Each structure stands twice: as structure tokens, then as C-alpha cells.
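**Student:** Its first residue numbered 1, the sequence shown is counted upward by one per residue in full-length UniProt numbering. Let me begin by handing over the structure; questions about it come next.
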Amino acid sequence: MVFDELMGYQGKGLAFASGDVWREHRSVTLNIFRKLGLDENVLATRVTTEVNRFLGHLDKSDGQPVNIREMISASTSSIICAILLGHVFQYDDPRFENIIRDIQTIITKNQQIVMMSYFPLLKLLPLDVLGYKSLLQTMEALYGEFKLWIEESRNRDPRDNFIAAYLTERTTRVRQGQTTTLDEINLLKVVSDLFIAGSETTSATIAWFILYMLNYPDVQRKIVNEIDQHVEKGRAPTLRDKPRLTYVVASILETQRLSSISPVSIVRTCPKDVHIKGFTVPRGSLVVPNLDSVLFDKTIWGQDAKLFRPERFIDEQGRLKVPEEFVPFGIGRRVCLGRVMANTELFLYISRMVQTFEFLPPRPGQPPSMNYVLGLTAVPEPYLVRALRRNTCRK
């Protein structure tokens, strides 16, 4: 939030906006998504195309240890780029590589941003002790790239990408004399919010999933067996298979729960004085939702809530069960806009990855640590993995 203020974006966009700005931009964003055909089925086609490209890239590792997190991040970022800009970058495009690098820098150093949000005087410390100035330069470079995206989309067909559709909608409302908060500063912030949320959260979740597979090989075997049982040989899983792949879905849900990549949800502001159990929360107070308090609650998930156990999402009849306390995307009106997209991506990436490759640690019997780095999201410490193509793999 402190950077939004310094760069002139405070209260803009989606993530940290409120009132009329947030309401109008949430509505416009959802409407544009619908116009772009981003329902589950159409989105699945886009995702499947990118998954195929990603698997081909991963196959080139030839079973050697690789940092799969970097590869996944490039792949998921490519999808959101195609939606926002209407352009599919090659993984080794220098422009695209700079975007990914800047995003990763901002995400991993988010704790400095949080500290300065609560203690603004920290930014006055000499010698840039917290890396504040260098981080600000990184954000300016990233926003500079997003400004280029807006220029490139200015005369594009609004059916082609999100930015062009937003610009067209703004022009229409202005010509009709409507009062609107749509402008290019808000657009810039919306693009940033959607890009970071649309690429980082999914790639982080997939990285956690692979790490769990290295530490829980029995789960990986069960997933493969279920796919082999319900998906014909020679065919890749699709969303139509999802209802039958109960254990696959349960494993994804358990990854989302246990990794808790966004332990602190979007900050809310108290609109009026609220009295709770003898305490008064004054109007204007910032309220920070702690999702971990729900996702790790032993009264809900059992005494083994800190262990990876997909079976907790399967009932005695072998059917999927999802408690209402499962809230990785938040709750209420501020629930994540991209949850449908995220769930589609997670299922298609993970089912295809495990169907095609066996994931193994660099050294047999020595899985990587499950420690994490907390920035904008909770991501695993960097680790290496070997991806060996299965003998019964499908093309």
C-alpha cells in the first residue's frame, strides 16, 4: 500500500481499492471476462494449449534436476499475458523474462512493503537498509512495461484482450456522459493486480504440490493410479473427467489448504464502530483476515491438520467433501475474482503433469525441505526436482 501511495495509485484498481472505485472495477472486470469468453470451458482450451507447451519444455530437462518453480511461473504468467494483452510470449523472450524477474522480486520482498506500510518512517533510513529504493525502481520498471501494454492495445479489437476491452468500455461511458472511475491510472493498477494474482498464486500452489509429491510419494502413486483407472490410455485428462478424479481433486484441495499461500487475505476497513465481545473496533480500523486460523484449525481438520492428507476431503462413500471452512480464496464480496480460472488451471496442470511425469528428488530418498519463504505469498524455498517421463505416458 505504501508503494501505491508513492506512485500515485493509492485506492486504485482492485486489490486495495474501496467504495465506488472497487465496485465499478469489480463489475467491469467480471463483465469483460465474460465478453472474452473466459468461462470454464473456453478457458480450459486456452489453459490446455499452454499446458502442452509447458510439458514439452519440461520434457527437455531429460530427467535432470531443474528448478520447476521458475518454469511454472513462466507458463502461468503466459496465460494471464494472453488474457490481458492478447499476446503469447515465448519463455525466452527478454521482455517476458524481465517481467517475470520483476514480479518475483516484488513478491519475495513484500515483507519490506508490509513493514513500511505500518511504519512509514522506515523508508527514511539511510543507505536503503531495507532495499526500499531498489524495490521502488523494480516496481517502476514493471509499471513501465504495463504502460507499454496499454499503448499497444489502444487501437486493438476489444474482443482481443482485457486492456482493449477496458479502454473501449471507458470511452463508451465517457461519451454517454456517465460518471465513471474508469481511467488509465486505474487500468494500470488493475493490470498489475490481475497479473500478480493471476500468475503468482497458481504457480506457487503448483510448486507446493510438486514438493508434497516428493515428500509423499504414496500420494503421487495414488493419483497416477486414479488417472490410469478413469482416463483412457492415449488421452489427457479434461474438465469432464474431474468428477471421477476424486483423489486428484482432493490432493489439490489439500495443497491449497496446507500451503496456505495467502495466509493473510485482503485487508478490510471497518465502515463503522463495531462491538465484539466487549471490545470496540473503531470506524476506519484496518482488519486483517487471518486465513491460517481457519485452514489449520484442528477442530475442523483434525489433530493432524499440519500434515498433508488428501483423504480429509473424501467422505466414507468415497465422494468429495469440502467443508465451508475451506477458504483459500477468501470469503464475502472480496472473494478472489480469479478462483474459477485458478481452479481450472490447477486441475489441468496438475493432472497432466502427474500423468506425464514421475517427480523425484535429485537424490533418491532425500526430498527437499518443506520450508517456505513468506513474501506476498508463502512459497517453498527454492528446490530442484527430476521429472522422468512415465513409461505409460500419453502424448
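Beta carbons: idealized from backbone N, C-alpha and C, even for Gly. Here the structure is a predicted model, which is why all the values come from computation and not from measurement.
If you draw a straight line from the alpha carbon of L84 to that of R154, how long is it in whole angstroms?
**Tutor:** Answer to the nearest angstrom: the Cα atoms are 12 Å apart.
**Student:** If you run the structure through DSSP and keep just helix, strand and coil, what is L360?
**Tutor:** strand
**Student:** Do the stretch 254-270 and the stretch 291-300 touch if we need at least three Cβ pairs shorter than 8 Å?
**Tutor:** In short, these stretches touch, since the Cβ pair count reaches three.
**Student:** State yes or no: is the C-beta of L43 within less than 8 Å of the C-beta of R26?
**Tutor:** no
**Student:** Within 10 angstroms of the Cβ of F357, are there 16 or more other Cβ atoms? Answer buried if so, exposed if not.
**Tutor:** buried
**Student:** How big is the Cα-Cα spacing for I208 and T377?
**Tutor:** The displayed chain sequence assigns Trp, not Ile, to residue 208. Near 12 Å, if we compare the C-alpha coordinates of T377 and W208.
**Student:** For R390, which of D59, Q10, A82 and I150 has the nearest alpha-carbon?
**Tutor:** The candidate whose alpha carbon is nearest that of R390 is D59.
**Student:** I314 to S251, Cα distance in whole Å?
**Tutor:** 10 Å
**Student:** Opposite N290 in the DSSP bridges: which residues?
**Tutor:** V264
**Student:** Beta-carbon separation of I107 and G375 under 8 Å?
**Tutor:** yes
**Student:** Checking the sheet assignment: what are the DSSP bridge partners for R386?
**Tutor:** L360
**Student:** Quick check on this structure: which residue in Y9, N31, F33 and T48 has the alpha carbon closest to the alpha carbon of M353?
**Tutor:** T48
**Student:** Run through DSSP, which three-state label would T269 get?
**Tutor:** Strand at T269.
**Student:** Compare the Cα-Cα distances from E200 to each of R101, G330 and R23 and report the closest residue.
**Tutor:** R101
**Student:** With burial defined as no fewer than 16 other Cβ atoms inside 10 Å of the residue's Cβ, what is the status of V190: buried or exposed?
**Tutor:** So V190 counts as buried.
**Student:** Could you give the C-beta distance for L36 and I99, rounded to a whole number, given that I count them as a contact under 8 Å?
**Tutor:** Actually they are not in contact, since the Cβ atoms of L36 and I99 sit about 21 Å apart, beyond 8 Å.
**Student:** Which residue from D304, Y247 and S75 puts its Cα closest to that of E226?
**Tutor:** Looking at the Cα atoms, Y247 is the closest of the given residues.
**Student:** Taking the CB atoms as reference points, tell me whether E40 and I79 lie closer together than 8 Å.
**Tutor:** no
**Student:** Would you say F347 and K242 are within 8 Å of each other, going by their C-beta atoms?
**Tutor:** yes
**Student:** Count the other CB atoms, across all protein chains shown, that sit within 10 Å of the CB of I103; report buried if there are 16 or more and exposed otherwise.
**Tutor:** Label assigned to I103: buried.
**Student:** Helix, strand or coil: which one does DSSP assign to P328?
**Tutor:** coil
**Student:** Do you know offhand how far K12's Cα is from R268's?
**Tutor:** One Cα belongs to K12, the other to R268, and the distance between them is close to 15 Å.
**Student:** Since L214 and P368 are thought to touch, with beta carbons under 8 Å apart, how far apart are those beta carbons, to the nearest angstrom?
**Tutor:** 6 Å
**Student:** I need the boundaries of the beta strand (DSSP E) containing A236, first residue and last residue.
**Tutor:** Run containing A236: none; DSSP gives neither H nor E here.
**Student:** So, at 7 Å on beta carbons, what are the nonlocal neighbours of K395 in its own chain, with the 5 sequence-adjacent residues on each side left out?
**Tutor:** The predicted position of K395 is uncertain, since its pLDDT is 39 and thus under 50; no value can be drawn from it.
**Student:** With distance defined between alpha-carbon atoms, name the residue in T29, V385 and S73 nearest to T205.
**Tutor:** S73
**Student:** Specify the secondary structure class of H25 as computed by DSSP and reduced to three states.
**Tutor:** helix
**Student:** Let me confirm a value: F279 is counted as buried when at least 16 other C-beta atoms fall within 10 Å, else exposed. Which label applies?
**Tutor:** exposed
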